[in-house]
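Heads up: the sequence shown is residues 7 to 73, going by this note's numbering. Here the structure comes first, spelled out in structure tokens, and everything after it is commentary.
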Amino acid sequence: MSKVIIDKEICKGCGLCISACPKEALSISKIQNSKGFFHAEVACPEKCTSCTFCGLVCPDIAIKIYK
Ligand code: SF4
Ligand code: SF4
Numbered sequence: 007m008s009k010v011i012i013d014k015e016i017c018k019g020c021g022l023c024i025s026a027c028p029k030e031a032l033s034i035s036k037i038q039n040s041k042g043f044f045h046a047e048v049a050c051p052e053k054c055t056s057c058t059f060c061g062l063v064c065p066d067i068a069i070k071i072y073k
């Protein structure tokens, strides 16, 4: 089973990972991190195929993907 971990304190909520995900597994949280950013979160982990697109596009290397 795949697992995507987003470090909410590194994420600045740019949304690039959400646009890159072909499975629409990610979304923006309604909760802000300590810096005031609405960070990305894994809304539908069961949809993830571990394609790694989200991790590749994240400019802040906030996403880790485990297979
Ligand atoms: S690894 Fe692929 S399917 Fe999974 S959340 Fe990232 S972009 Fe979406
Ligand atoms: S691409 Fe990175 S910084 Fe941008 S919303 Fe996704 S996890 Fe956050």
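We treat Cβ as the ideally placed atom computed from N, Cα and C, and that holds for glycine.
Burial state of residue i, where buried means 16 or more other Cβ atoms lie within 10 Å
i          : result
residue 62 : exposed
residue 50 : exposed
residue 5  : There is no way to answer for residue 5, as the model of the chain reaches only from 7 to 73.
Integer-rounded CB distance, given that residue j should sit under 8 angstroms from residue i
i          : j          : result
residue 60 : residue 69 : 5 angstroms
residue 31 : residue 54 : 5 angstroms
Contact test: residue i Cβ vs ligand 1 heavy atom, cutoff 8 angstroms
i          : result
residue 69 : yes
residue 59 : yes
Distance cut-off 8 angstroms: residue i Cβ against heavy atoms of ligand 2
i          : result
residue 48 : no
residue 54 : no
Separation of residue j from residue i, as counted between CA atoms
i          : j          : result
residue 73 : residue 56 : 6 angstroms
residue 38 : residue 71 : 22 angstroms
Pick out the complete alpha helix (DSSP H) segments inside the segment 8-73, 4 residues or longer, and give them in chain order.
22-26 and 59-63
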